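Engineer:
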Amino acid sequence: MSEQAEFINPAPSDPSTGASEEWTPRIIAFLCNWCSYAGADLAGTSRIQYPPSIRVIRVPCSGRVNPQYIIKALADGADGVMVSGCHPGDCHYLEGNYYARRRFAVLKRLLSLAGFHPDRVQFTWVSASEGAKFAEVVSTVTEKIRVLGPSELGGRDGA
Amino acid sequence: MDYEMQSRRLAEIAAKLLEDETVEAVLGLRNNPEAGWPTPYCARTPQDAERLVWNEACYTNLAFYLTEMRGKTAIVAKPCDVRSIINLISENQLDRDNFIIIGIECEGKRKDGKPAPGCDACPSSIPGFWDIAIGADGSDTWCDLPMAQTGENVTQWAKKSTVEERFDRFLKEINQCILCYACRQACQGCYCVSCFMDRKATPWEQIDADTGSKIAFHLTRAMHLAGRCTDCGACEKVCSSGVNLKYIYKGLSEFVEETYGFKAGVNPEATPVMNRYEADDPQVAFLGGDCIVGI
Ligand code: SF4
Ligand code: SF4
Ligand code: SF4
Chain W
1 MSEQAEFINP APSDPSTGAS EEWTPRIIAF LCNWCSYAGA DLAGTSRIQY
51 PPSIRVIRVP CSGRVNPQYI IKALADGADG VMVSGCHPGD CHYLEGNYYA
101 RRRFAVLKRL LSLAGFHPDR VQFTWVSASE GAKFAEVVST VTEKIRVLGP
151 SELGGRDGA
Chain Z
1 MDYEMQSRRL AEIAAKLLED ETVEAVLGLR NNPEAGWPTP YCARTPQDAE
51 RLVWNEACYT NLAFYLTEMR GKTAIVAKPC DVRSIINLIS ENQLDRDNFI
101 IIGIECEGKR KDGKPAPGCD ACPSSIPGFW DIAIGADGSD TWCDLPMAQT
151 GENVTQWAKK STVEERFDRF LKEINQCILC YACRQACQGC YCVSCFMDRK
201 ATPWEQIDAD TGSKIAFHLT RAMHLAGRCT DCGACEKVCS SGVNLKYIYK
251 GLSEFVEETY GFKAGVNPEA TPVMNRYEAD DPQVAFLGGD CIVGI
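Heads up: the protein sequence lines correspond to chains W and Z, in order. Note that the working numbering gives residue 109 to position 109 of the first sequence, counting from 1, and the numbers run on in steps of one. Note that the working numbering gives residue 30 to position 30 of the second sequence, counting from 1, and the numbers run on in steps of one.
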């Protein structure tokens, strides 16, 4: 099927399979190596449950997340994108997350203007010691994106 | 607006600057019957200066050409060109000592019988700064003409519309796009030696002529123009498919101004807004934060 066709007919042909209870969104999660990735690790080693919705991409810093990555993920049909980095003031590289904060604010407004639901993209700060918070954040983000239903752009890989 | 007087004075000034060897070249526009509208022209001798034109179809933004000039240059600049020059100076792309601005008053250009894109929102008929002034009547004083200022307030529109309406508008525009990149070539801010669209190093960066690629191109370009777009309208003027995406760039400019108090093309000394941060920047985009961002 061509992209164009997928585009005009968004993924779920049966609306009841849209934002259903069982459907789990596919969320691309960019986690910074020093805080949020370690936070996710801690959530794992502490055996805290959270929804299996995120596909993690480890990056050195939230400031390393090129807005193009987020746009590309959405354009290619991800249901949502989550970016998590160190709390302001805690950046391993001192100021990466401060630059990121501006960039994400502008990006979120941009996506809103272009008609992407603002809830599809979520930014948070999670530190290495916040395993429980990480699980909570993933649950909240997943729920926010779940109610929106699958991406209007449809998945390309069908996975 | 007295185009004849302005043109005459422009030719005189240009001829004089070239004759005195104050500058090596005068960058302006000349008639181009092939194109059908005036196109960029570099006058290098006093005789060449005769060919410079100034009329209501002179809407091309010349700022970008200035970055490619070697030797001292004078540029014929209307207010939007000067805003772009200011932006380029603040980004270290131009050396102020290397050029002279022939500021020329402008009350808005016309393209295809309509006000040219961008001109409806232009704040002033007078350039932000200049070395030599050519007023609306051809004299060396400004007339400060009233401007139409009928451009839409994108933020207000966005707040009133639904997310579906915004998506439809965006899709309607990009569906016409043929990915020719003329908008990028015309834009003063798009001076990158290697644009992200030309880098095809990794599989995920491959460009097809599909909707996903168009979204990726236009949104990423918009992101790169955030706080740098000077609202000159060049991107819309050059688009052969009639794609009008300037509202997206303008919407971002409004956001940047409202949130960080920064406007592109005003202060050549200012550090570009995305190149700096404040420790107490608002947490506007963040989960649980104060979400003024998602409209
Ligand atoms: S000039 Fe028009 S058709 Fe060409 S890439 Fe830009 S928007 Fe698309
Ligand atoms: S994005 Fe368009 S309006 Fe903005 S500076 Fe570039 S060409 Fe001008
Ligand atoms: S779209 Fe971005 S990368 Fe391409 S030339 Fe413009 S600013 Fe540079």
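Here a beta-carbon is modelled for each residue, glycine too, at the ideal position from N, C-alpha and C. Note that this is a predicted model, so its numbers are computed, not measured.
Please report the straight-line C-alpha distance between Z:A57 and W:Y93, rounded to a whole angstrom.
Structural biologist: As a position in the second sequence, residue 57 of chain Z is number 57, starting the count at 1. As a position in the first sequence, residue 93 of chain W is number 93, starting the count at 1. Each residue's alpha carbon lies about 51 Å from the other.
Engineer: Does Z:E222 get closer than 8 Å to chain W when you measure Cβ to Cβ?
Structural biologist: Residue mapping note: residue 222 of chain Z aligns to position 222 of the second sequence, counting from 1. Residue 222 of chain Z is actually Ala in this sequence, not Glu. Closer than 8 Å: yes.
Engineer: So which residues on chain W does Z:I279 lean against when the C-beta distance must stay under 8 Å?
Structural biologist: Numbered from its first residue, the second sequence carries residue 279 of chain Z at position 279. Reading off the sequence, residue 279 of chain Z comes out as Ala, not Ile. Going along chain W in sequence order, the residues near Z:A279 (Cβ under 8 Å) are P88, G89, Y98.
Engineer: Could you tell me how far apart the beta carbons of W:H117 and W:L148 are, in whole angstroms, since I believe they sit closer than 8 Å?
Structural biologist: Within the first sequence, numbered from 1, the residue matching residue 117 of chain W stands at position 117. Within the first sequence, numbered from 1, the residue matching residue 148 of chain W stands at position 148. Yes, W:H117 and W:L148 are in contact; Cβ-Cβ is about 5 Å, under 8 Å.
Engineer: Should Z:T259 be flagged as near chain W, meaning a C-beta pair shorter than 8 Å?
Structural biologist: Here residue 259 of chain Z is taken as the residue at index 259 of the second sequence, counted from 1. Output row for Z:T259: interface = yes.
Engineer: Is the separation between the beta-carbon of Z:M147 and that of Z:P123 shorter than 8 Å?
Structural biologist: Here the question's residue 147 of chain Z lines up with position 147 in the second sequence. Here the question's residue 123 of chain Z lines up with position 123 in the second sequence. Yes; because the gap between Cβ atoms is below 8 Å, this pair is in contact.
Engineer: Which class does Z:Q156 belong to by DSSP, given the choice of helix, strand or coil?
Structural biologist: The count along the second sequence starts at 1 and reaches residue 156 of chain Z at position 156. In this structure, Z:Q156 counts as helix in the three-state DSSP scheme.
Engineer: Would you list the residues sitting across from Z:I248 in a DSSP beta bridge?
Structural biologist: The sequence position of residue 248 of chain Z within the second sequence is 248, counting from 1. Its beta-bridge partners do not exist; DSSP assigns none.
Engineer: With 8 Å as the threshold, decide whether the Cβ of W:F104 is near any Cβ in chain Z.
Structural biologist: By 1-based counting over the first sequence, the position of residue 104 of chain W is 104. Yes - at least one Cβ of chain Z is within 8 Å of the one on W:F104.
Engineer: Across the stretch 115-132 of chain W and the stretch 53-60 of chain W, are there enough close Cβ pairs to call them in contact, namely three or more that are closer than 8 Å?
Structural biologist: At 8 Å Cβ cutoff, the stretches do not touch.
Engineer: For Z:E69, which option in Z:D281, Z:A43, Z:I207, Z:N87 has the closest C-alpha, if you only look at C-alpha atoms?
Structural biologist: Here residue 69 of chain Z corresponds to residue number 69 of the second sequence, with the count starting at 1. Checking the sequence shown, residue 69 of chain Z turns out to be Met, not Glu. Comparing Cα-Cα distances from Z:M69 to each of Z:D281, Z:A43, Z:I207, Z:N87, the minimum goes to Z:A43.
Engineer: Hey, how far is the Cα of Z:S240 from the Cα of W:V106?
Structural biologist: By 1-based counting over the second sequence, the position of residue 240 of chain Z is 240. By 1-based counting over the first sequence, the position of residue 106 of chain W is 106. So the alpha carbons of these two residues sit roughly 29 Å apart.
Engineer: Under 6 Å, CB to any heavy atom of ligand 2. Which residues pass, going along the chain?
Structural biologist: Working through the chain, the matches are Z:G118, Z:A186, Z:C187, Z:Q188, Z:G189, Z:L225, Z:C229, Z:T230, Z:D231, Z:C232, Z:G233, Z:A234, Z:C235, Z:K246, Z:Y249.
Engineer: Roughly how far, in whole angstroms, is the beta-carbon of Z:I89 from the beta-carbon of W:A114, given that I think they are within contact range, below 8 Å?
Structural biologist: By one-based count along the second sequence, residue 89 of chain Z stands at place 89. By one-based count along the first sequence, residue 114 of chain W stands at place 114. So it is not a contact: roughly 30 Å between Cβ atoms.
Engineer: Could you tell me whether any Cβ in chain W is nearer than 8 Å to the Cβ of Z:N244?
Structural biologist: One-based indexing of the second sequence puts residue 244 of chain Z at position 244. Output row for Z:N244: interface = no.
Engineer: For the stretch 80-103 of chain Z, which residues have a beta carbon sitting closer than 7 Å to at least one beta carbon of chain W?
Structural biologist: Of all residues in the stretch 80-103 of chain Z, none has a Cβ within less than 7 Å of some Cβ in chain W.
Engineer: Going along chain W in order, which residues have a C-beta closer than 8 Å to the C-beta of Z:F167?
Structural biologist: Within the second sequence, residue 167 of chain Z is the residue found at index 167, counting from 1. Ordered by position in chain W, the residues that pass the 8 Å Cβ test against Z:F167 are A114, G115, F116, E152.
Engineer: In angstroms, rounded to a whole number, what distance separates the CA positions of Z:M5 and Z:N32?
Structural biologist: Along the second sequence, one-based indexing puts residue 5 of chain Z at 5. Along the second sequence, one-based indexing puts residue 32 of chain Z at 32. Those two C-alpha atoms are separated by around 21 Å.
Engineer: When every heavy atom of ligand 3 is checked, does at least one fall within less than 7 Å of the C-beta of Z:M274?
Structural biologist: Here the question's residue 274 of chain Z lines up with position 274 in the second sequence. Not so, every heavy atom of ligand 3 lies at least 7 Å from the Cβ.
Engineer: If you follow the beta strand (DSSP E) that Z:A270 is part of, which residue opens it and which one closes it?
Structural biologist: Along the second sequence, read from residue 1 onward, the residue named residue 270 of chain Z stands at position 270. Element bounds for Z:A270: n/a, residue is neither H nor E.
Engineer: Quick one: grab the DSSP three-state call for Z:Y181.
Structural biologist: By 1-based counting over the second sequence, the position of residue 181 of chain Z is 181. Coil at Z:Y181, not helix or strand.
Engineer: Starting from the Cα of Z:E236, find the closest Cα among Z:C183, Z:C106, Z:T230, Z:A133 and give me that residue.
Structural biologist: Within the second sequence, residue 236 of chain Z is the residue found at index 236, counting from 1. The option with the nearest alpha carbon to Z:E236 is Z:C183.
Engineer: Under the rule that 16 or more other beta-carbon atoms within 10 Å means buried, what is Z:G128, buried or exposed?
Structural biologist: Your numbering for residue 128 of chain Z matches position 128 in the second sequence. Answer is buried; the Cβ neighbour count reaches 16.
Engineer: Mapping the DSSP letters down to three states, classify W:I70 as helix, strand or coil.
Structural biologist: By 1-based counting over the first sequence, the position of residue 70 of chain W is 70. Reduced to three states, the DSSP call for W:I70 is helix.
Engineer: Taking the alpha-carbon of Z:L171 as reference, which of Z:V154, Z:S139, Z:L179, Z:T211 has the nearest alpha-carbon?
Structural biologist: Here the question's residue 171 of chain Z lines up with position 171 in the second sequence. Out of Z:V154, Z:S139, Z:L179, Z:T211, Z:T211 has the C-alpha closest to the C-alpha of Z:L171.
Engineer: State yes or no: is the C-beta of Z:F217 within less than 8 Å of the C-beta of Z:L179?
Structural biologist: Counting from one through the second sequence, the residue named residue 217 of chain Z turns up at place 217. Counting from one through the second sequence, the residue named residue 179 of chain Z turns up at place 179. Yes, the Cβ-Cβ distance between Z:F217 and Z:L179 is below 8 Å.
Engineer: Are the Cβ atoms of W:H87 and W:S127 separated by less than 8 Å?
Structural biologist: What you label residue 87 of chain W is simply residue 87 of the first sequence in a count that begins at 1. What you label residue 127 of chain W is simply residue 127 of the first sequence in a count that begins at 1. Yes. Within cutoff.
Engineer: Alpha carbon to alpha carbon, how far is Z:N175 from Z:G242? Give it in angstroms, no decimals.
Structural biologist: Here residue 242 of chain Z corresponds to residue number 242 of the second sequence, with the count starting at 1. Here residue 175 of chain Z corresponds to residue number 175 of the second sequence, with the count starting at 1. Each residue's alpha carbon lies about 11 Å from the other.
Engineer: Does any residue of chain Z have a CB that is nearer than 8 Å to the CB of W:V147?
Structural biologist: Within the first sequence, numbered from 1, the residue matching residue 147 of chain W stands at position 147. Not one chain Z Cβ lies under 8 Å of W:V147.
Engineer: Tell whether a beta-carbon distance below 8 Å holds between Z:L29 and Z:T39.
Structural biologist: Translated into positions along the second sequence, residue 29 of chain Z becomes position 29. Translated into positions along the second sequence, residue 39 of chain Z becomes position 39. Yes, Cβ-Cβ distance for Z:L29 and Z:T39 is below 8 Å.
Engineer: Okay, do the stretch 263-283 of chain Z and the stretch 220-233 of chain Z touch, 3+ Cβ pairs below 8 Å being the bar?
Structural biologist: Counting Cβ pairs under 8 Å, three or more are found: they touch.
Engineer: If you measure beta-carbon to beta-carbon, which residues of the stretch 206-218 of chain Z are closer than 7 Å to chain W?
Structural biologist: Result list: D210, T211, G212, I215, A216.
Engineer: Quick one: Cα of Z:Y260 to Cα of Z:A285, how far?
Structural biologist: The count along the second sequence starts at 1 and reaches residue 260 of chain Z at position 260. The count along the second sequence starts at 1 and reaches residue 285 of chain Z at position 285. Z:Y260 and Z:A285: Cα-Cα distance of roughly 14 Å.
Engineer: Who are the Cβ neighbours of Z:E164 in its own chain at under 6 Å, not counting the five residues just before and after it?
Structural biologist: To locate residue 164 of chain Z, count along the second sequence from 1; it is residue 164. Answer for Z:E164: no residue qualifies.
Engineer: Looking at the strands, I want to know which residues DSSP matches up with Z:Y41.
Structural biologist: Taking the first residue of the second sequence as 1, we reach residue 41 of chain Z at position 41. DSSP, once it has assigned bridges, lists Z:G28 as partnering Z:Y41.
Engineer: Can you check whether the C-beta of Z:E152 is within less than 8 Å of a C-beta belonging to chain C?
Structural biologist: Among the protein chains in the structure shown, which are W and Z, there is no chain C.
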